[in-house]
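Okay, so here's the structure we're looking at.
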Amino acid sequence: MTQPAMDVSAGAPTRSYPLYLRDIAGVAAILVAGAAGYWLFPDNLALLTRIIAVALLVLSLDLITGYCGVASLGQATLFGAGAYAVGFACVHGGVTEPLTLMLIGAVAGATAGLAMGAIMLRAHGLAQLVLSIAIVQLGHEAANKFTGYTGGSDGLAGLSVNPLFGVFEFDLWGRTAYLFGLALLVVVFALLRVVVSSPFGVLCRGVRQDPVRVKAMGAFVFPVILKMFVISGAVAGLGGALAAISTQVVGLDSISFELSANALVMLVLGGLGTLYGALVGTVIFMAFEHVVSAINPFHWLTMVGALLVAVVLVAPGGLVNLAGKVGGIGRSKGSKP
Amino acid sequence: MPGCGCEAASPTALHGLAVFMQTTLSIATDAFAYGMVLFIISIGLSLTMGLMRVVNLAHGAFAMIGGYIASYITRDLGWGYVPAILLGVAGTIIIAAPFERLLFRRIYGKPELLQVLMTIGITFCVIGVTNYFFGPTLKTIPLPDILTRPVDIGFRTIAAHRLFVMACGVGVAAALWFLIEKTGFGIKLRAAVDNAAMTDALGVRTPVVYAIAFAVAVGLAAFGGIIGAEFLPVEPYYALRYMVLFLVVVSVGGAGSILGTLVACLALGAVDTVGRYLMPDFGNFFFYAAVIAIVFAFPRGFFGRAQ
Amino acid sequence: MNFRNLLGAAFGALLLGGVCSAAADTVKVGIIGPFSGPFALQGKNFQAGVQAYMGLNGKSVAGHDVEVVYRDLPAANPAQARALAQELVVKDKVQYLGGVYFTPDAMAIAPLLVQANTPLVIFNAATSAILTKSPLAVRTSFTTAQTTTPLGQVVADNGVKKVISAVSDYGPGIDAEGAFKKAFSAAGGEIVDSIRMPMNTNDFSPIMQRVKDSGAEAVFAFLPSGPTTLGFVKSFNETGLKKSGIKLFAPGDLTQESDLPALGEAADGTLTTFHYAVSHDSPENKAFVEAAGKALGNPAELSFPAVGAFDGMHVIYKMIEATDGKQDAQKAVDAVKGLSWTSPRGPVSIDADTRHITENIYLRQVAKDADGKFINKEIKTFENQKDPGLAAK
């Protein structure tokens, strides 16, 4: 996962031919890293699949936080919306075709994103952050209350999903789930790179840097950001759907403040506003957590805390930025939330 | 009895009214007490976030440290409640000092999300270390006899420590208001907040001002953690368990405003208490729906400073 | 006591020697539990139970060394549970899975078992339905319905006619409410009001006000062990409900032993029903409490999940014995169906149909022991209780 760091300049507003090449290189790097994960850790595929699902969530958060400047501690609302929609459709609706379920997850996430964006964009700064917390708590409470649909705190169990394309089963070893997730991640990532370097993406960054100026230029801020919220919701919803399909259980943790806060931590850890930072942050954080919690299941939290503090001290711009600096391709200006 | 005659009905109606009034007053008292507990624990966070512009998610961790020290002093050393409070506050400030010097000083004025990352990291460390040394069980801080007695306040009895907490809340609010608005230190602090470079140039040693303000905030956290332990019991996960609650209360009130935080605590305390009385099944819905409603009505918090 | 220990140690050494001379193969057991985070205490108790069992019965069985691998799952998280279970089975090659504190995690692991050819011995997760999700799941803890049901009769026997129920608003709370309602109505009582309290309630005084208004003679309460029980019990006292003669009944989660020092006087006299009390008077329990207390470091932290883990290890040892260390999940599970033994909690057996543990449920009262320490004192026994939740299906 070192190649993504090469792409630190992709956030620049101007586009040119070499940038496309870099994006292609980036996607190739994800594929290589993903394939390497498959061959190197064939016994950890369920973990790797979980990382991909969370990576989708963190990517979705980068869209609104890194590109639009809207910090959220409630992003899991969108993830949970996708997961529960898939769970409901599968357990109560009898839909068992995996691709259809993914579509359901994306649509549910996008719808939730629309609603969440509409509410959150009423406020700014800290108040906005608190709105996001309130929304995810309400979502969590709703999932806990409507046990008939969601299974409440016992979780919505018993998702039996058909084999992918009628051939590949979602089994114990999780090969299908992982490769499916990896393909999904690559496609989503490529699409998002296109989105963020499109005029729309550039406008979003403009809003983040100076909303007043963007308004003065004659653009409407609210619909632009709201549109990004919908895209973000779809991506998070896909993550939730992947988690639901590969786990076959949807629990309250998928729509919790804890997951939201973790997603934000991973994003800031990796670096905002590059999409690569989201991936790097997720992989590093979850892999580190996995390793230290296996070494000492009782007191690993201290190590994770120390990692976060160390990153702030050593690489305040996120790991991607640090790697960029080390590689001598430092950005002129660190990304600011 | 809907069919009763007027003469027969009036005594029952009167009685009903009396019961209703009593219940209302009783709930109001509970709401006030809970609001004051929230206030006493969150006001320190309001200071750090509003005046020092640091999103200090480790606030709960400092409150917890205060609680642990006080618990150790009362239970293991067998000392009284008052020394426990004083030493708990002092001890927490001493423990927090190196954090300020080595870590917090590097994130003053940095982007908020970076502050979030660092303070969450510190919180994780504190939880891990506490769990390692003190174990995962609940710790209590035994109250002196005078605070455990029920006190008759006319329409009901109330635990004396609730009255104590209310008094502390009012006292803290008044003292802070005086410190920030009426003393030389307060002037320097407000100046440093508005324009650190200019204040520096005028000969005020801003790092010292920040350090003192930080110590006050941490001391308040510890104080709240100790006297609020009857409501929010001390255990290692305290630091994360109530983080959201503190953050929400401070933001709704408008970070940096004493009056705003007070109003927010009383309002949210009331919503919480009344909601849990009328429809406990939907208690959390009430609370967070109220948060959304308040943010819509007051996007900067009740008395937030313009940012 | 000393002699017995010595004998045990000598026997263990003999056994170990036997192993070394035969074939030193190792059977791995993967334990998933909340070893950090808000439920770290319960995870620590899992570990203590496992270590106590292995300390008392040796680290090998029938010539096979037993190695335990712990994996941390701090809060209910099915996706992580599945990933951990998969890794334990595929990578660490464990033959047995054990532990699991939360229901959704067990639900996520259950579908893997047949494919993995691995039995799952649940040390805690207490929702009835889990065992129906896989034929290879066995449970050595309790279900909420199982520990709650006898309370209905107890409350009626105490001369109480009208009860208000107040439970935490989540799966087990709702299970408890249902089980109690059924049992208490059957005993001729009336539930005047049911309150479901949000999980993150910090101030219980509004709930107590409702209790007061309801005119009930007693409260039935269910809260998960931990910080909230303290707030609830204190509030019950401070608002004067206890003094006014209203009684408090609850399943034993409310007064787990590790919370009792904190609850103190406030909980004094509370009647609870549960499957295990640390104070249970039997030689098996004495040995267990001593060993588990040593494993914990601080004996005051000992609580009910440890006994679930202790008996869980017993079941796993029996499975290893029956399969002679070979991986054959179905044979292993079949071998323990109907198995009965004397646990630290009293006589228990594994129900052959449901694979759930049949055990005594005790009525206990919070009281001071000879040293002035608060304990759950057993005052009545309801023998051989099965899980009513599963029996009904």
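Protein chains in written order, with full-length UniProt numbering: chain A, 1 to 337; chain B, 1 to 307; chain C, 1 to 393.
Idealized CB from N, CA, C, for every residue including glycine.
Since this is a predicted model, take the numbers as computed values, not measurements.
{"Item": "Straight-line CA distance for Lys-133(C) to Pro-98(A)?", "Value": "22 Å"}
{"Item": "Using the beta-carbon count (16 or more within 10 Å), is His-92(A) buried or exposed?", "Value": "exposed"}
{"Item": "What are the residues in the stretch 113 to 147 of chain B lying within 9 Å of chain C by C-beta distance?", "Value": "Ile-127, Gly-128, Asn-131, Gly-135, Pro-136, Thr-137, Leu-138, Lys-139, Thr-140, Pro-142"}
{"Item": "At a Cβ cut of 7 Å, what residues of the stretch 163 to 177 of chain A count as close to chain C, listed as they run along the chain?", "Value": "Asp-171, Leu-172, Trp-173, Gly-174"}
{"Item": "To be precise: take each residue of the stretch 92 to 115 of chain B, compare its Cβ to all Cβ atoms of chain A, and keep it if any distance is under 8 Å. Which residues remain?", "Value": "Leu-103, Arg-106, Ile-107, Lys-110, Pro-111, Glu-112, Leu-113, Leu-114"}
{"Item": "Compare the C-alpha of Leu-129(A) against each of Val-116(B), Ile-43(B), Ala-28(B), Leu-87(B) and name the closest.", "Value": "Val-116(B)"}
{"Item": "So, helix, strand or coil for Arg-162(B), using DSSP?", "Value": "helix"}
{"Item": "Just checking: is the beta-carbon of Pro-207(B) within a distance shorter than 7 Å of some beta-carbon in chain C?", "Value": "no"}
{"Item": "What first and last residue would you give for the beta strand (DSSP E) that runs through Ser-168(C)?", "Value": "162 to 168"}
{"Item": "Determine whether the beta carbon atoms of Ile-294(B) and Val-252(B) lie at a separation below 7 Å.", "Value": "yes"}
{"Item": "Using a Cβ-Cβ cutoff of less than 8 Å, which residues in the same chain neighbour Pro-251(C) once the five nearest sequence positions on both sides are dropped?", "Value": "Thr-144, Thr-147, Thr-148, Leu-151, Ala-176, Phe-222, Thr-272, Thr-273, Phe-274"}
{"Item": "Roughly how many angstroms separate the alpha carbons of Arg-175(A) and Leu-40(A), rounded to a whole number?", "Value": "13 Å"}
{"Item": "Which class does Gly-338(C) belong to by DSSP, given the choice of helix, strand or coil?", "Value": "coil"}
{"Item": "Give a yes or no on whether the C-beta atoms belonging to Gly-219(B) and Ile-93(B) are separated by under 7 Å.", "Value": "yes"}
{"Item": "For the beta strand (DSSP E) that contains Thr-273(C), what are its first and last residues?", "Value": "271 to 274"}
{"Item": "Which same chain residues end up closer than 6 Å to Ala-192(B) when comparing Cβ atoms and leaving out the 5 residues on each side of it in sequence?", "Value": "Thr-199, Thr-206, Val-209"}
{"Item": "What residues in its chain sit with their C-beta under 7 Å from that of Lys-318(C), if we drop five residues either side in the sequence?", "Value": "Ala-335, Val-336, Leu-339"}
{"Item": "Under 8 Å between beta-carbons, which chain C residues line up against Asp-152(B)? List them in chain order, please.", "Value": "Here the premise fails: no neighbours, minimum Cβ distance about 10 Å."}
{"Item": "Tell me which residues share the same chain as Tyr-53(C) and place their Cβ nearer than 6 Å to its Cβ, disregarding the 5 neighbours each side in the sequence.", "Value": "Phe-310, Met-313"}
{"Item": "Pick out the complete alpha helix (DSSP H) segments inside the stretch 174 to 238 of chain B, 4 residues or longer, and give them in chain order.", "Value": "184 to 194, 196 to 201, 206 to 227"}
{"Item": "At least one CB of chain B closer than 7 Å to the CB of Arg-71(C): is that the case?", "Value": "no"}
{"Item": "Determine the chain B residues that contact Ala-300(C) at a beta-carbon separation under 8 Å, and present them in chain order.", "Value": "Thr-137"}
{"Item": "I need the straight-line Cα distance from Ala-221(B) to Ile-41(B), nearest angstrom please.", "Value": "5 Å"}
{"Item": "Tell me, please, whether the CB atom of Arg-122(A) is closer than 7 Å to any CB atom in chain B?", "Value": "yes"}
{"Item": "With H, G and I counted as helix, E and B as strand and the rest as coil, what does DSSP make of Met-243(B)?", "Value": "helix"}
{"Item": "Given this structure, state the Cα-to-Cα distance separating Ala-201(B) from Ile-27(B), to the nearest angstrom.", "Value": "53 Å"}
{"Item": "Checking contacts by CB at 7 Å: is Gln-385(C) closer than that to chain A?", "Value": "no"}
{"Item": "What residues match up with Asn-376(C) in a beta bridge as DSSP calls it?", "Value": "Val-366(C)"}
{"Item": "Run the CB neighbour count on Ile-272(B), radius 10 Å, all protein chains shown included, and call it buried at 16 or more, exposed below.", "Value": "One detail in the question is off: residue 272(B) reads as Asp in this sequence, not Ile. Asp-272(B) is buried by the Cβ-count criterion."}
{"Item": "How do the stretch 119 to 136 of chain C and the stretch 71 to 82 of chain A stand: do at least 3 beta-carbon pairs fall below 8 Å, yes or no?", "Value": "no"}
{"Item": "Here's the rule I'm using: 16 or more other beta-carbon atoms within 10 Å means buried, otherwise exposed. How should Gly-17(C) be labelled?", "Value": "For Gly-17(C), the predicted structure reports a pLDDT of 39, less than 50, and the residue's modelled location is therefore unreliable. The matter cannot be settled from this model."}
{"Item": "For Met-107(C) versus Gly-155(A), is the C-beta spacing smaller than 7 Å?", "Value": "yes"}
{"Item": "Looking only at C-alpha atoms, which of Ala-332(C), Ala-370(C), Ser-343(C) sits nearest to Leu-97(C)?", "Value": "Ala-332(C)"}
{"Item": "Leaving aside the five residues before and after Pro-388(C) along the sequence, list all residues of the same chain whose C-beta is less than 6 Å from its C-beta, in chain order.", "Value": "Ala-145, Thr-149"}
{"Item": "In its own chain, which residues sit with a C-beta less than 6 Å from the C-beta of Gln-3(A), not counting the 5 before and 5 after it?", "Value": "The predicted model places Gln-3(A) with a pLDDT of 37, which falls under 50 and marks its position as unreliable, so this point remains unresolved."}
{"Item": "Would you verify that the beta carbon of Gln-240(C) is, or is not, closer than 7 Å to some beta carbon of chain B?", "Value": "Correcting the residue identity first, residue 240(C) is Gly in this sequence and not Gln. Yes, Gly-240(C) lies at the interface with chain B (some Cβ there is under 7 Å from its Cβ)."}
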